[in-house]
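For what it's worth, the working numbering labels the leading residue of the sequence shown as 2, then goes sequentially.
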Amino acid sequence: MPPAAEGSARASTAVARANRDAAQALIDGLVACGLSEAVICPGARSAPLALAFSACRAARVQTVLDERAAAFVALGAARASGRAAAFVCTSGSALAHAWPAVVEAAQSAIPLLLLSADRPPELQQCGAPQAIDQQRLFAGYARWSFALEAPRPEQPVAWWRNVAAQAWHHAHAAPGGPVHLNVPFREPLWLPDGDAQGPAAAGGQPPATTRLMQGRRQLDPTAIDALVARLRGCVRGAIVCGPVELAAHGGIGGDELPELAAALAALADALGWPLLADAAAPARFGAPRTAHLISHADSVLAAAPARRWLAPELVLHFGRTPTSKAVQGWLEQQAAGRTLLIDEAGQWHDPSRSADTLVAAAPGTLCRTLAARLADPGPPPPGTAAWWQRWARADAAASAVLTAHAGEALWEAGVVRELLAALPPRSVLHVASSMPIRDLETFGERGAAALYVSANRGANGIDGTVASAGGLAWALAAGTAPRPAARVVALLGDLALAHDLGGLATAAQLGLDLTLVVLANGGGGIFEYLPIAAHPTAFSAYFLAPQRLALPELCAAVGARWHGVQTRAALAAALQQELQRSGIGVIEVSIDRRDSVERHHRATAAVATAVAALHTESEESP
2 MPPAAEGSAR ASTAVARANR DAAQALIDGL VACGLSEAVI CPGARSAPLA LAFSACRAAR
62 VQTVLDERAA AFVALGAARA SGRAAAFVCT SGSALAHAWP AVVEAAQSAI PLLLLSADRP
122 PELQQCGAPQ AIDQQRLFAG YARWSFALEA PRPEQPVAWW RNVAAQAWHH AHAAPGGPVH
182 LNVPFREPLW LPDGDAQGPA AAGGQPPATT RLMQGRRQLD PTAIDALVAR LRGCVRGAIV
242 CGPVELAAHG GIGGDELPEL AAALAALADA LGWPLLADAA APARFGAPRT AHLISHADSV
302 LAAAPARRWL APELVLHFGR TPTSKAVQGW LEQQAAGRTL LIDEAGQWHD PSRSADTLVA
362 AAPGTLCRTL AARLADPGPP PPGTAAWWQR WARADAAASA VLTAHAGEAL WEAGVVRELL
422 AALPPRSVLH VASSMPIRDL ETFGERGAAA LYVSANRGAN GIDGTVASAG GLAWALAAGT
482 APRPAARVVA LLGDLALAHD LGGLATAAQL GLDLTLVVLA NGGGGIFEYL PIAAHPTAFS
542 AYFLAPQRLA LPELCAAVGA RWHGVQTRAA LAAALQQELQ RSGIGVIEVS IDRRDSVERH
602 HRATAAVATA VAALHTESEE SP
């Protein structure tokens with residue numbers, strides 16, 4: 002070989018080995034921090050990262066073709082385990098497909114690692130193929146972004162491991178969220194000679210990774226004293242718990258979520274206050290529960306007279322903004338200037354800007370501390386029991402009305418009741434945004450089995466619904482969540498399914514155990530409840546947007562089972578069958594949209610009448 006060619010070959014081998022060593026050190030560093038799942042999208046420029054993962058025995062790796070679906074699968078896996086999962090892609094437009102998942106991860110505080118391969122600097126801003134500005138792509142949403150340099154032969158691998166530790170820290174420090182590492186690689190990306198020896202081969206052990214120690218935020222004793230003084234003696238108080246992100250509390254099957262539910266229950270019992278728990282809060286369908294749980298606040302507070310009758314002196318607000326607009330309106334109209342927001346990261350979940358205090362502390366610890374202090378020296382003050390009975394009677398009246406209106410007809414109330422009755426304890430119910438989460442909020446009874454409710458309530462979008470559920474199922478099947486759950490079921494509308502057919506194909510390709518309950522009402526049913534529904538010409542075409550999906554054929558094409566049901570009995574039978582089978586099952590529930598809208602309105606009006614009667618009765622009592 003001529004000297005020039007020999008020198009070029011040596012240089013190429015050095016570049017390939019530098020790529021290998023850097024990628025391996027980065028991945029080893031992440032695994033040492035706790036990474037256990039990675040979703041890789043095929044691509045040439047990301048070859049060093051893909052090869053490093055393929056050689057890693059400590060992480061579970063899955064290949065997904067569709068980058069948008071892949072990012073949501075990683076998000077779902079992170080939600081299940083409470084630890085970041087990695088999304089890996091090549092350069093160019095591939096990374097842009099992760100945008101919706103990045104936004105949801107940022108808004109929901111879900112740890113997520115995005116590892117994007119890139120062209121080196123000499124191929125930027127010169128028209129090179131698949132070279133876009135990736136470094137600033139997630140500005141404003143990534144908790145931390147770092148544009149790494151292209152690997153160099155003389156670069157210590159410890160540098161890459163340190164970057165891995167930094168990335169892991171930023172993804173998990175409250176509030177957790179997405180972290181983006183952009184890694185340029187020069188060619189050759191891989192050579193057979195480059196696989197001869199990795200950075201750990203010579204010494205037998207990989208270089209050490211920076212250890213991370215993270216804790217929970219707590220209030221000092223003076224602040225606790227001030228809170229106790231404000232709470233003690235308050236008669237008409239209430240606790241509101243909005244949606245709670247599973248990933249922020251250890252994921253599914255761990256101790257944190259039931260401990261949070263128990264702490265909220267203990268505080269409600271110590272105060273004697275109603276606990277208005279959102280459908281996506283562990284205090285609603287989780288365990289343990291409190292006798293002070295209110296399951297139908299959305300219906301009870303729908304009418305303005307009820308909101309005034311149940312006006313509080315003080316509200317403790319945990320979790321995100323409530324799903325229910327009625328509860329939001331009650332907070333804005335009746336609790337302005339008398340609401341304490343409790344959020345460990347100090348995030349402001351108060352769209353009406355009516356809160357007067359932000360308490361930045363771990364909610365579970367704070368609840369337990371307050372409950373212990375308030376239990377001594379004695380019971381809640383006089384008048385609290387009557388206040389609680391007002392709420393309890395209203396909630397019981399709403400429950401009776403909604404049960405009667407659910408009837409035997411197949412509409413959303415019946416679907417929610419059948420689904421909750423069929424799910425075994427410790428199941429995971431992933432609920433789509435738009436109407437499904439609202440219907441669970443309205444019609445979900447407190448007697449259901451203990452469940453984990455998952456929902457993309459950060460950005461509240463319907464995109465990635467199926468892929469997110471698939472990520473939950475993937476992580477739980479691997480046992481990377483603290484303790485496996487019984488089953489993963491998704492409740493979604495037909496538009497959410499149409500929007501994420503890539504997620505359906507991905508879930509089937511991965512061989513996941515997943516049941517989809519699809520509310521097929523012919524389009525975006527939520528718009529029927531908005532003023533635009535009265536538009537004489539544009540409503541159907543531009544808002545309902547009904548899709549012509551041949552769902553049986555689509556399911557057959559991807560290898561999923563399909564059931565079409567038109568009665569509650571058929572739905573119950575399909576659920577019983579599907580919840581015992583492996584693989585993907587889709588239950589399409591045919592719903593008459595206009596009939597459903599009328600039933601919703603009648604049920605809401607009937608609850609308002611029942612609660613108003615209680616109000617009148619209380620005023621007439623001596």
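Ideal Cβ placement from N, Cα and C applies to all residues, glycine included.
- By a beta-carbon distance limit of 8 Å, T516 contacts I588. Their separation comes to about 7 Å.
- Nearest neighbour of A224 by Cα position, chosen from P306, H170 and V360, turns out to be V360.
- Going by DSSP, L520 is part of the beta strand (DSSP E) stretching over L515 to A521.
- The shortest CA-to-CA distance from A53 to any of L27, C34 and V432 is the one to L27.
- In this structure, L277 lies near V328, with their beta-carbon atoms less than 8 Å apart.
- In the DSSP annotation of this structure, the continuous segment of the alpha helix (DSSP H) that includes L258 starts and ends at E257 to L272.
- When DSSP states are grouped into helix, strand and coil, E38 belongs to the strand group.
- With respect to A248, P176 sits apart: the two C-beta atoms are not nearer than 8 Å.
- Taking the Cα of P275 as reference, the smallest distance to any Cα among A337, W169, T385 and Q348 is reached at T385.
- By the neighbour-count definition (other C-beta atoms within 10 Å, threshold 16), V229 is an exposed residue.
- In the structure shown, I225 falls within a helical segment according to DSSP collapsed to helix, strand and coil.
- Around the C-beta of T466, 16 or more other C-beta atoms lie within 10 Å, and the residue is accordingly described as buried.
- R569 is positioned such that its CB atom lies closer than 8 Å to that of G415.
- Between F73 and S583, the gap from beta carbon to beta carbon reaches 8 Å or more.
- Rounded to the nearest angstrom, the Cβ distance from L375 to L232 is 6 Å, consistent with a contact under 8 Å.
- Burial is judged here by how many other beta carbons sit within 10 angstroms of a residue's own beta carbon; S92 has at least 16 and is buried.
- The beta carbon of H500 is closer than 7 Å to those of I463 and D464 in its chain, skipping five residues each way along the sequence.
- It is roughly 16 Å from the alpha-carbon of G35 to the alpha-carbon of G255.
- The DSSP-derived three-state label of S146 is strand.
- Apart from sequence neighbours up to five positions away, the residues of its chain that approach A271 with a beta-carbon distance below 7 Å are A372, L375 and A376, ordered along the chain.
- Annotated three-state conformation of V74 is helix, per DSSP.
- With a beta-carbon spacing of about 15 Å, L113 and A60 fall beyond the 8 Å limit used to define contacts.
- A direct Cα-Cα distance of roughly 8 Å separates H431 from L493.
- Counting C-beta pairs with one atom in each stretch, the segment 75-89 and the segment 154-167 have fewer than three that are closer than 8 Å, which means they do not touch.
- Looking only at Q215, A282, R212 and A227, the smallest Cα-Cα distance to I240 is reached by A282.
- E589: member of the beta strand (DSSP E) spanning I585 to S591, first to last residue.
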